[in-house]
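Positions 220 to 592 (the numbering used here) are the ones given, in order, by the sequence shown.
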Amino acid sequence: MAEPRFRSGLFTRLFVLCGSVALLSAAIATLAFHSYRTTLTNDRLAAELAAQAHAIAPLAGARLAAGDAVGASRLLRSFAGLHYVTCVDMIRDGVVVASFPPPGCDLVRARGSDREVPVTTTAGAKLLFRARVDDHLLLAPVRAETALVASLMIGLAAVIFIVLSLSFRRKVLAPLVALRDAMQASTPSNPVRAELLHDDEIGTIVKAYNKLVAAARLFFRRLDRSQKQLAESERRFRELAEVSGDWFFEMDSELRLSFLSDRFFEITGLTPDDVIGRTRKEIATSTNVEGEFDRHVADLEARREFRRFEYELEGGVKPVFVSISGVPVFDEEGNFQGYRGVGSDVSEIKQKERQLAEANRNFGDSISYASSL
220 MAEPRFRSGL FTRLFVLCGS VALLSAAIAT LAFHSYRTTL TNDRLAAELA
270 AQAHAIAPLA GARLAAGDAV GASRLLRSFA GLHYVTCVDM IRDGVVVASF
320 PPPGCDLVRA RGSDREVPVT TTAGAKLLFR ARVDDHLLLA PVRAETALVA
370 SLMIGLAAVI FIVLSLSFRR KVLAPLVALR DAMQASTPSN PVRAELLHDD
420 EIGTIVKAYN KLVAAARLFF RRLDRSQKQL AESERRFREL AEVSGDWFFE
470 MDSELRLSFL SDRFFEITGL TPDDVIGRTR KEIATSTNVE GEFDRHVADL
520 EARREFRRFE YELEGGVKPV FVSISGVPVF DEEGNFQGYR GVGSDVSEIK
570 QKERQLAEAN RNFGDSISYA SSL
(Lines of atoms letter the chains of each structure in order from A and count residues from 1; the text may use other names and numbers.)
(Lines give C-alpha, C1' and ligand atoms only; values in the text may rest on other atoms or scores of the structure.)
Protein backbone atom coordinates (compact mmCIF):
# COMPACT_ATOMS: atom_id res chain seq x y z
CA MET A 1 0.00 0.00 0.00
CA ALA A 2 1.37 3.38 -0.98
CA GLU A 3 2.25 5.72 1.89
CA PRO A 4 0.51 9.11 1.90
CA ARG A 5 2.66 12.11 1.15
CA PHE A 6 3.48 14.22 4.21
CA ARG A 7 3.28 17.64 2.58
CA SER A 8 -0.17 17.39 1.09
CA GLY A 9 -3.58 16.10 1.85
CA LEU A 10 -5.64 15.43 4.92
CA PHE A 11 -2.79 14.35 7.19
CA THR A 12 -0.85 17.58 6.65
CA ARG A 13 -3.86 19.73 7.39
CA LEU A 14 -4.58 17.75 10.54
CA PHE A 15 -0.90 17.92 11.51
CA VAL A 16 -0.86 21.72 11.25
CA LEU A 17 -4.21 22.05 13.03
CA CYS A 18 -3.25 19.76 15.91
CA GLY A 19 0.15 21.41 16.24
CA SER A 20 -1.42 24.86 16.37
CA VAL A 21 -4.01 23.76 18.93
CA ALA A 22 -1.34 22.08 21.06
CA LEU A 23 0.90 25.16 21.06
CA LEU A 24 -2.04 27.48 21.74
CA SER A 25 -3.21 25.29 24.61
CA ALA A 26 0.30 25.22 26.09
CA ALA A 27 0.60 29.00 25.77
CA ILE A 28 -2.79 29.61 27.43
CA ALA A 29 -1.97 27.22 30.28
CA THR A 30 1.44 28.86 30.77
CA LEU A 31 -0.02 32.37 30.81
CA ALA A 32 -2.73 31.29 33.25
CA PHE A 33 -0.12 29.77 35.57
CA HIS A 34 2.08 32.87 35.33
CA SER A 35 -0.85 35.14 36.17
CA TYR A 36 -1.84 32.95 39.11
CA ARG A 37 1.69 32.81 40.54
CA THR A 38 2.19 36.57 40.06
CA THR A 39 -1.03 37.34 41.92
CA LEU A 40 -0.11 34.88 44.66
CA THR A 41 3.36 36.43 45.03
CA ASN A 42 1.98 39.97 45.20
CA ASP A 43 -0.53 38.89 47.85
CA ARG A 44 2.25 37.25 49.84
CA LEU A 45 4.36 40.39 49.50
CA ALA A 46 1.55 42.56 50.81
CA ALA A 47 1.02 40.21 53.75
CA GLU A 48 4.73 40.09 54.63
CA LEU A 49 5.11 43.89 54.42
CA ALA A 50 1.99 44.43 56.52
CA ALA A 51 3.12 41.93 59.15
CA GLN A 52 6.57 43.51 59.34
CA ALA A 53 5.17 47.05 59.52
CA HIS A 54 2.67 46.21 62.26
CA ALA A 55 5.40 44.42 64.22
CA ILE A 56 7.80 47.38 64.39
CA ALA A 57 5.28 50.25 64.33
CA PRO A 58 4.76 50.41 68.15
CA LEU A 59 8.50 50.32 68.83
CA ALA A 60 9.30 52.82 66.10
CA GLY A 61 6.52 55.12 67.34
CA ALA A 62 7.94 54.99 70.86
CA ARG A 63 11.46 55.82 69.62
CA LEU A 64 10.15 58.73 67.61
CA ALA A 65 8.18 59.96 70.63
CA ALA A 66 11.43 59.83 72.61
CA GLY A 67 13.20 61.78 69.84
CA ASP A 68 15.35 58.80 68.82
CA ALA A 69 15.06 58.92 65.03
CA VAL A 70 18.27 56.92 64.64
CA GLY A 71 16.84 54.12 66.75
CA ALA A 72 13.69 54.15 64.68
CA SER A 73 15.80 53.80 61.51
CA ARG A 74 17.58 50.80 63.01
CA LEU A 75 14.25 49.14 63.59
CA LEU A 76 13.60 49.39 59.85
CA ARG A 77 16.51 46.97 59.28
CA SER A 78 14.09 44.16 59.97
CA PHE A 79 12.76 44.73 56.43
CA ALA A 80 16.18 43.63 55.15
CA GLY A 81 15.10 40.07 55.91
CA LEU A 82 12.92 40.38 52.86
CA HIS A 83 15.57 40.10 50.13
CA TYR A 84 13.47 41.82 47.52
CA VAL A 85 13.11 45.02 49.65
CA THR A 86 15.87 47.48 48.71
CA CYS A 87 14.94 50.33 51.09
CA VAL A 88 12.22 51.52 53.50
CA ASP A 89 10.99 54.98 54.49
CA MET A 90 8.80 55.65 57.54
CA ILE A 91 6.60 58.69 57.05
CA ARG A 92 4.61 60.65 59.63
CA ASP A 93 2.41 63.55 58.66
CA GLY A 94 3.90 63.55 55.13
CA VAL A 95 7.47 63.83 56.38
CA VAL A 96 10.10 61.08 56.20
CA VAL A 97 11.13 60.59 59.83
CA ALA A 98 13.23 57.41 59.47
CA SER A 99 14.81 55.43 56.64
CA PHE A 100 16.83 52.33 55.93
CA PRO A 101 19.38 52.81 54.52
CA PRO A 102 19.46 56.11 56.42
CA PRO A 103 19.75 58.51 53.45
CA GLY A 104 16.30 57.42 52.24
CA CYS A 105 14.99 55.67 49.14
CA ASP A 106 15.00 58.76 46.97
CA LEU A 107 18.61 59.58 47.83
CA VAL A 108 20.10 56.10 47.38
CA ARG A 109 18.19 55.74 44.08
CA ALA A 110 17.17 52.18 44.88
CA ARG A 111 15.47 50.45 41.99
CA GLY A 112 12.02 48.96 42.18
CA SER A 113 8.46 50.05 42.82
CA ASP A 114 7.08 51.51 46.04
CA ARG A 115 4.58 49.63 48.19
CA GLU A 116 2.89 51.55 51.04
CA VAL A 117 1.56 50.11 54.31
CA PRO A 118 -0.36 52.51 56.63
CA VAL A 119 -0.29 51.62 60.35
CA THR A 120 -1.94 53.26 63.38
CA THR A 121 -0.15 52.54 66.65
CA THR A 122 -1.85 51.92 69.97
CA ALA A 123 -0.72 55.37 71.01
CA GLY A 124 -2.73 56.82 68.15
CA ALA A 125 0.22 57.70 65.95
CA LYS A 126 -0.38 57.30 62.22
CA LEU A 127 2.65 55.98 60.39
CA LEU A 128 3.16 55.12 56.71
CA PHE A 129 5.77 52.55 55.75
CA ARG A 130 6.92 52.94 52.13
CA ALA A 131 8.98 49.95 50.97
CA ARG A 132 10.72 49.89 47.62
CA VAL A 133 10.53 46.39 46.16
CA ASP A 134 12.79 45.00 43.40
CA ASP A 135 10.23 43.34 41.13
CA HIS A 136 12.96 41.44 39.27
CA LEU A 137 14.02 39.68 42.47
CA LEU A 138 10.45 39.32 43.65
CA LEU A 139 9.25 37.59 40.48
CA ALA A 140 12.41 35.56 39.74
CA PRO A 141 10.90 32.37 41.28
CA VAL A 142 7.69 33.01 39.33
CA ARG A 143 9.61 33.20 36.06
CA ALA A 144 11.54 30.02 36.86
CA GLU A 145 8.38 28.13 37.76
CA THR A 146 6.61 29.49 34.66
CA ALA A 147 9.47 28.31 32.43
CA LEU A 148 9.31 24.87 34.02
CA VAL A 149 5.55 24.68 33.59
CA ALA A 150 5.84 25.87 29.98
CA SER A 151 8.39 23.14 29.25
CA LEU A 152 6.19 20.51 30.85
CA MET A 153 3.09 21.73 28.99
CA ILE A 154 4.87 21.80 25.63
CA GLY A 155 6.29 18.35 26.27
CA LEU A 156 2.89 16.99 27.30
CA ALA A 157 1.21 18.64 24.30
CA ALA A 158 3.87 17.19 22.00
CA VAL A 159 3.35 13.69 23.41
CA ILE A 160 -0.43 13.95 23.11
CA PHE A 161 -0.11 15.39 19.61
CA ILE A 162 2.23 12.62 18.44
CA VAL A 163 -0.02 9.93 19.91
CA LEU A 164 -3.12 11.44 18.30
CA SER A 165 -1.36 11.91 14.96
CA LEU A 166 -0.12 8.33 14.86
CA SER A 167 -3.54 7.07 15.92
CA PHE A 168 -5.21 9.16 13.20
CA ARG A 169 -2.70 7.91 10.66
CA ARG A 170 -3.39 4.30 11.58
CA LYS A 171 -7.12 4.48 12.25
CA VAL A 172 -8.26 6.99 9.62
CA LEU A 173 -5.62 7.81 7.04
CA ALA A 174 -4.37 4.27 6.35
CA PRO A 175 -7.89 2.88 5.59
CA LEU A 176 -8.66 5.89 3.39
CA VAL A 177 -5.38 5.43 1.51
CA ALA A 178 -6.16 1.72 1.03
CA LEU A 179 -9.61 2.62 -0.30
CA ARG A 180 -8.15 5.28 -2.60
CA ASP A 181 -5.51 2.90 -3.98
CA ALA A 182 -8.14 0.23 -4.63
CA MET A 183 -10.36 2.71 -6.46
CA GLN A 184 -7.44 4.04 -8.54
CA ALA A 185 -6.33 0.51 -9.44
CA SER A 186 -9.85 -0.51 -10.45
CA THR A 187 -10.90 -0.66 -14.08
CA PRO A 188 -14.40 -1.16 -15.48
CA SER A 189 -13.62 -4.77 -16.31
CA ASN A 190 -11.48 -5.49 -13.23
CA PRO A 191 -12.67 -3.71 -10.05
CA VAL A 192 -10.28 -4.13 -7.10
CA ARG A 193 -11.39 -4.82 -3.52
CA ALA A 194 -10.14 -2.54 -0.74
CA GLU A 195 -8.40 -3.98 2.32
CA LEU A 196 -10.55 -3.84 5.47
CA LEU A 197 -8.19 -2.62 8.21
CA HIS A 198 -10.64 -1.66 10.98
CA ASP A 199 -14.28 -2.46 11.68
CA ASP A 200 -15.44 1.12 12.32
CA GLU A 201 -17.22 3.90 10.40
CA ILE A 202 -14.58 3.91 7.68
CA GLY A 203 -14.70 0.12 7.70
CA THR A 204 -18.43 0.36 6.95
CA ILE A 205 -17.63 2.51 3.90
CA VAL A 206 -14.99 -0.02 2.79
CA LYS A 207 -17.50 -2.86 3.18
CA ALA A 208 -20.05 -0.99 1.08
CA TYR A 209 -17.40 -0.35 -1.59
CA ASN A 210 -16.38 -4.03 -1.59
CA LYS A 211 -20.03 -5.02 -2.05
CA LEU A 212 -20.17 -2.78 -5.11
CA VAL A 213 -16.95 -4.40 -6.34
CA ALA A 214 -18.44 -7.87 -5.90
CA ALA A 215 -21.59 -6.83 -7.75
CA ALA A 216 -19.51 -5.25 -10.53
CA ARG A 217 -17.41 -8.40 -10.89
CA LEU A 218 -20.54 -10.54 -11.13
CA PHE A 219 -22.04 -8.15 -13.68
CA PHE A 220 -18.92 -8.15 -15.84
CA ARG A 221 -18.61 -11.94 -15.66
CA ARG A 222 -22.18 -12.27 -16.86
CA LEU A 223 -21.62 -9.57 -19.49
CA ASP A 224 -18.46 -11.29 -20.70
CA ARG A 225 -20.27 -14.62 -20.86
CA SER A 226 -23.14 -13.01 -22.78
CA GLN A 227 -20.74 -11.33 -25.19
CA LYS A 228 -18.95 -14.59 -25.80
CA GLN A 229 -22.26 -16.35 -26.42
CA LEU A 230 -23.33 -13.56 -28.76
CA ALA A 231 -20.03 -13.71 -30.64
CA GLU A 232 -20.37 -17.49 -30.92
CA SER A 233 -23.94 -17.15 -32.20
CA GLU A 234 -22.86 -14.57 -34.76
CA ARG A 235 -19.99 -16.80 -35.86
CA ARG A 236 -22.32 -19.76 -36.33
CA PHE A 237 -24.82 -17.62 -38.19
CA ARG A 238 -22.11 -16.30 -40.51
CA GLU A 239 -20.79 -19.79 -41.14
CA LEU A 240 -24.30 -21.04 -41.85
CA ALA A 241 -24.94 -18.16 -44.24
CA GLU A 242 -21.65 -18.73 -46.02
CA VAL A 243 -22.20 -22.47 -46.29
CA SER A 244 -25.73 -22.04 -47.64
CA GLY A 245 -24.54 -19.46 -50.16
CA ASP A 246 -26.70 -16.76 -48.51
CA TRP A 247 -25.97 -13.50 -46.68
CA PHE A 248 -27.73 -11.58 -43.96
CA PHE A 249 -28.57 -7.91 -43.81
CA GLU A 250 -29.85 -5.21 -41.47
CA MET A 251 -31.88 -2.08 -42.19
CA ASP A 252 -32.32 0.94 -39.89
CA SER A 253 -35.55 2.65 -38.87
CA GLU A 254 -35.45 4.72 -42.10
CA LEU A 255 -35.32 1.50 -44.17
CA ARG A 256 -31.74 2.13 -45.26
CA LEU A 257 -29.25 -0.72 -45.41
CA SER A 258 -26.97 -0.53 -42.37
CA PHE A 259 -25.19 -3.88 -42.55
CA LEU A 260 -24.49 -6.65 -45.09
CA SER A 261 -22.35 -9.72 -44.52
CA ASP A 262 -19.22 -10.23 -46.59
CA ARG A 263 -20.86 -12.93 -48.71
CA PHE A 264 -23.12 -10.30 -50.33
CA PHE A 265 -20.14 -8.32 -51.60
CA GLU A 266 -18.41 -11.49 -52.83
CA ILE A 267 -21.48 -12.48 -54.87
CA THR A 268 -22.45 -9.08 -56.27
CA GLY A 269 -19.00 -7.54 -56.67
CA LEU A 270 -20.28 -4.34 -55.02
CA THR A 271 -18.54 -2.42 -52.22
CA PRO A 272 -20.02 -1.15 -48.92
CA ASP A 273 -19.98 2.41 -50.28
CA ASP A 274 -22.30 1.27 -53.08
CA VAL A 275 -25.10 0.10 -50.79
CA ILE A 276 -24.66 1.09 -47.12
CA GLY A 277 -26.93 4.01 -46.23
CA ARG A 278 -29.15 3.55 -49.29
CA THR A 279 -32.65 2.12 -49.58
CA ARG A 280 -33.29 -1.07 -51.48
CA LYS A 281 -35.22 0.84 -54.13
CA GLU A 282 -32.17 3.03 -54.78
CA ILE A 283 -29.94 0.05 -55.58
CA ALA A 284 -32.48 -2.03 -57.56
CA THR A 285 -32.52 -1.91 -61.36
CA SER A 286 -35.90 -3.57 -61.84
CA THR A 287 -38.09 -1.84 -59.30
CA ASN A 288 -41.72 -2.31 -60.24
CA VAL A 289 -42.35 -5.57 -62.05
CA GLU A 290 -46.13 -5.94 -62.03
CA GLY A 291 -46.30 -3.69 -58.90
CA GLU A 292 -44.30 -6.12 -56.78
CA PHE A 293 -41.86 -3.47 -55.54
CA ASP A 294 -44.70 -1.17 -54.53
CA ARG A 295 -46.25 -4.00 -52.53
CA HIS A 296 -42.86 -4.67 -50.94
CA VAL A 297 -42.48 -1.00 -49.95
CA ALA A 298 -45.99 -1.11 -48.49
CA ASP A 299 -44.98 -4.12 -46.39
CA LEU A 300 -41.92 -2.26 -45.14
CA GLU A 301 -43.86 0.87 -44.24
CA ALA A 302 -46.44 -1.27 -42.44
CA ARG A 303 -43.63 -3.05 -40.54
CA ARG A 304 -44.77 -6.43 -41.85
CA GLU A 305 -42.65 -9.51 -42.35
CA PHE A 306 -41.79 -10.31 -45.98
CA ARG A 307 -40.55 -13.50 -47.62
CA ARG A 308 -38.76 -14.34 -50.89
CA PHE A 309 -39.04 -10.89 -52.44
CA GLU A 310 -37.04 -10.99 -55.67
CA TYR A 311 -35.51 -8.09 -57.55
CA GLU A 312 -32.55 -7.33 -59.77
CA LEU A 313 -29.62 -5.08 -58.90
CA GLU A 314 -26.63 -3.92 -60.90
CA GLY A 315 -23.62 -5.89 -59.71
CA GLY A 316 -20.02 -4.96 -60.03
CA VAL A 317 -19.63 -7.14 -63.16
CA LYS A 318 -23.13 -8.13 -64.25
CA PRO A 319 -26.72 -7.81 -63.02
CA VAL A 320 -27.62 -10.07 -60.10
CA PHE A 321 -31.04 -11.39 -59.15
CA VAL A 322 -31.54 -11.71 -55.40
CA SER A 323 -34.27 -13.12 -53.16
CA ILE A 324 -34.63 -11.67 -49.67
CA SER A 325 -36.71 -12.37 -46.56
CA GLY A 326 -36.86 -10.22 -43.43
CA VAL A 327 -38.60 -9.54 -40.13
CA PRO A 328 -39.13 -6.19 -38.38
CA VAL A 329 -37.11 -5.42 -35.24
CA PHE A 330 -38.51 -3.51 -32.24
CA ASP A 331 -36.87 -2.43 -28.98
CA GLU A 332 -38.17 -3.19 -25.47
CA GLU A 333 -40.53 -0.21 -25.63
CA GLY A 334 -41.98 -1.25 -28.97
CA ASN A 335 -40.17 1.34 -31.07
CA PHE A 336 -39.36 0.28 -34.63
CA GLN A 337 -35.61 -0.22 -35.14
CA GLY A 338 -35.49 -1.59 -38.68
CA TYR A 339 -35.36 -4.97 -40.40
CA ARG A 340 -33.13 -7.99 -40.14
CA GLY A 341 -33.07 -10.84 -42.64
CA VAL A 342 -31.27 -13.03 -45.18
CA GLY A 343 -30.76 -12.94 -48.92
CA SER A 344 -29.85 -15.43 -51.67
CA ASP A 345 -28.46 -15.22 -55.19
CA VAL A 346 -31.13 -16.53 -57.59
CA SER A 347 -29.46 -15.34 -60.80
CA GLU A 348 -28.89 -18.89 -62.05
CA ILE A 349 -32.50 -19.83 -61.37
CA LYS A 350 -33.73 -16.72 -63.17
CA GLN A 351 -31.46 -17.47 -66.13
CA LYS A 352 -32.81 -21.02 -66.39
CA GLU A 353 -36.36 -19.70 -66.14
CA ARG A 354 -35.66 -17.32 -69.05
CA GLN A 355 -34.08 -20.13 -71.04
CA LEU A 356 -37.07 -22.36 -70.35
CA ALA A 357 -39.48 -19.59 -71.30
CA GLU A 358 -37.50 -18.98 -74.50
CA ALA A 359 -37.54 -22.70 -75.31
CA ASN A 360 -41.29 -22.91 -74.71
CA ARG A 361 -41.85 -19.89 -76.92
CA ASN A 362 -39.70 -21.39 -79.68
CA PHE A 363 -41.52 -24.69 -79.32
CA GLY A 364 -44.89 -22.93 -79.58
CA ASP A 365 -43.74 -21.06 -82.66
CA SER A 366 -42.61 -24.35 -84.23
CA ILE A 367 -45.99 -25.99 -83.55
CA SER A 368 -47.80 -23.00 -85.02
CA TYR A 369 -45.61 -23.08 -88.11
CA ALA A 370 -46.11 -26.84 -88.57
CA SER A 371 -49.87 -26.47 -88.25
CA SER A 372 -49.95 -23.87 -90.96
CA LEU A 373 -48.29 -26.19 -93.50
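All residues carry an ideal CB built from backbone N, CA and C; glycine is no exception. Keep in mind the model is a prediction, meaning the values are calculated, not measured.
#1: Where Ser244 and Arg263 are concerned, what is the direct C-alpha to C-alpha distance, given to the nearest angstrom?
#2: Would you kindly check if the distance between the Cβ of Leu532 and the Cβ of Ala503 is under 8 Å?
#3: State the Cα-Cα distance for the pair Ala246 and Pro394, rounded to the nearest angstrom.
#4: I'd like the list of long-range same chain contacts for Ser408, defined as Cβ closer than 7 Å, with 5 residues on each side in sequence excluded.
#5: So within the region 381 to 460, which uninterrupted alpha helix (DSSP H) runs reach at least 4 residues, ignoring any that extend past its ends?
#6: Only counting the same chain, and skipping five residues up and downstream in sequence, which positions put a Cβ closer than 8 Å to that of Arg237?
#7: Buried or exposed for Val425, please, with buried defined as at least 16 other CB atoms from any protein chain shown within 10 angstroms of its CB.
#8: What first and last residue would you give for the alpha helix (DSSP H) that runs through Gly290?
#9: Label Ser370 either buried or exposed according to how many other C-beta atoms from any shown protein chain fall within 10 Å of its C-beta, with 16 as the threshold for buried.
#10: Counting pairs of Cβ atoms below 8 Å between the region 335 to 346 and the region 279 to 299, do you hit three or more?
#11: Does Val565 come out as helix, strand or coil in the three-state DSSP assignment?
#12: Taking the C-alpha atoms as reference points, what is the distance between Ala266 and Arg311?
#13: According to DSSP, which residues form a beta bridge with Ile543?
#14: Run through the region 247 to 328 for me and flag every whole alpha helix (DSSP H) of 4 or more residues, listed as ranges in chain order.
#15: Would you grab the beta carbon distance between Val539 and Asp564 for me? Rounded to a whole angstrom, and I think it's under 8 Å.
#16: Identify whether Ser370 lies in helix, strand or coil by the three-state DSSP scheme.
#17: How big is the Cα-Cα spacing for Thr258 and Ser332?
#18: List the endpoints of the continuous alpha helix (DSSP H) containing Thr487.
#19: Give the secondary structure of Glu533 by DSSP, where H, G and I count as helix, E and B as strand, and everything else as coil.
#20: Just to confirm my understanding: we take Val432, look at its own chain, exclude 5 residues before and 5 after, and list those with CB closer than 6 Å. What are they?
#21: Nearest-angstrom Cα distance between Arg454 and Leu476?
#22: Who are the near neighbours of Phe298 in its chain, counting only those whose CB is closer than 7 Å to its CB and skipping five residues on each side?
#23: Look at the alpha carbon of Val536 and the alpha carbon of Gly488, and state the distance between them as a whole number of angstroms.
#24: On a CA-only basis, which of Gln446, Gly562, Arg389 is nearest Asp418? Give me that one, please.
#25: For Met402, which option in Glu420, Gln448, Ala427 has the closest C-alpha, if you only look at C-alpha atoms?
#26: Please classify Ala245: does DSSP put it in a helix, a strand, or coil?
Here's the rundown:
#1: Within the sequence shown, residue 244 is the residue found at index 25, counting from 1. Within the sequence shown, residue 263 is the residue found at index 44, counting from 1. Computed Cα separation, rounded: 28 Å.
#2: The residue you call residue 503 lines up with position 284 of the sequence shown. The residue you call residue 532 lines up with position 313 of the sequence shown. With a cutoff of 8 Å on beta-carbon distance, Ala503 and Leu532 are scored as near each other.
#3: Looking up residue 246 in the sequence shown gives position 27. Looking up residue 394 in the sequence shown gives position 175. Each residue's CA atom was taken as its position, placing Ala246 and Pro394 some 34 Å apart.
#4: Start at 1 with the first residue of the sequence shown, and residue 408 comes out as number 189. Closer than 7 Å at Cβ, skipping near neighbours: Phe439.
#5: Those alpha helix (DSSP H) runs which fall completely within the region 381 to 460 and span 4+ residues are 393 to 404.
#6: The residue given as residue 237 occupies position 18 in the sequence shown. The displayed chain sequence assigns Cys, not Arg, to residue 237. Here the set comprises Phe380, Leu383, Ser384.
#7: Numbered from its first residue, the sequence shown carries residue 425 at position 206. The residue in question, Val425, is buried, as its Cβ has 16 or more Cβ neighbours within 10 Å.
#8: Here residue 290 refers to the residue found at position 71 of the sequence shown. Unbroken alpha helix (DSSP H) run through Gly290: 288 to 294.
#9: Working through the sequence shown from its first residue, we reach residue 370 at position 151. Exposed is the call here.
#10: yes
#11: By 1-based counting over the sequence shown, the position of residue 565 is 346. Val565 falls in the coil class under three-state DSSP.
#12: Counting from 1 along the sequence shown, the entry for residue 266 is found at position 47. Counting from 1 along the sequence shown, the entry for residue 311 is found at position 92. Distance between the alpha carbons of Ala266 and Arg311: 22 Å.
#13: Stepping through the sequence shown from its first residue, residue 543 is reached at position 324. BP columns for Ile543 point to Phe528, Gly562.
#14: 288 to 294, 324 to 327
#15: If you number the sequence shown from 1, residue 539 lands on position 320. If you number the sequence shown from 1, residue 564 lands on position 345. With a Cβ gap of about 6 Å, Val539 and Asp564 count as contacting.
#16: As a position in the sequence shown, residue 370 is number 151, starting the count at 1. Of the three classes helix, strand and coil, the one that applies to Ser370 here is helix, per DSSP.
#17: For the purposes of this step, residue 258 is taken as residue 39 along the sequence shown, with counting starting at 1. For the purposes of this step, residue 332 is taken as residue 113 along the sequence shown, with counting starting at 1. Distance between the alpha carbons of Thr258 and Ser332: 16 Å.
#18: Locating residue 487 in the sequence shown gives position 268, where the first residue counts as 1. First-last of the alpha helix (DSSP H) with Thr487: 481 to 487.
#19: Position 314 of the sequence shown, counted from the first residue, corresponds to residue 533. Under the three-state reduction of DSSP output, Glu533 falls in the strand class.
#20: The residue labelled residue 432 in the question sits at position 213 within the sequence shown. Cβ neighbours of Val432 beyond the five flanking positions: Pro410, Arg412.
#21: For the purposes of this step, residue 454 is taken as the residue at position 235 of the sequence shown. For the purposes of this step, residue 476 is taken as the residue at position 257 of the sequence shown. Arg454 and Leu476 have their C-alpha atoms spaced approximately 21 Å apart.
#22: Position 79 of the sequence shown, counted from the first residue, corresponds to residue 298. These residues qualify, in order along the chain: Gln271, Val304, Val307, Phe319, Ala350.
#23: The residue labelled residue 536 in the question sits at position 317 within the sequence shown. The residue labelled residue 488 in the question sits at position 269 within the sequence shown. Their Cα atoms are separated by approximately 7 Å.
#24: Residue 418 sits at position 199 when you count from the first residue of the sequence shown. Looking at the Cα atoms, Arg389 is the closest of the given residues.
#25: On the sequence shown, residue 402 is found 183 positions in, with the first residue counted as 1. Selected option, being the one with the closest Cα: Ala427.
#26: The residue labelled residue 245 in the question sits at position 26 within the sequence shown. Three-state DSSP puts Ala245 in a helix.
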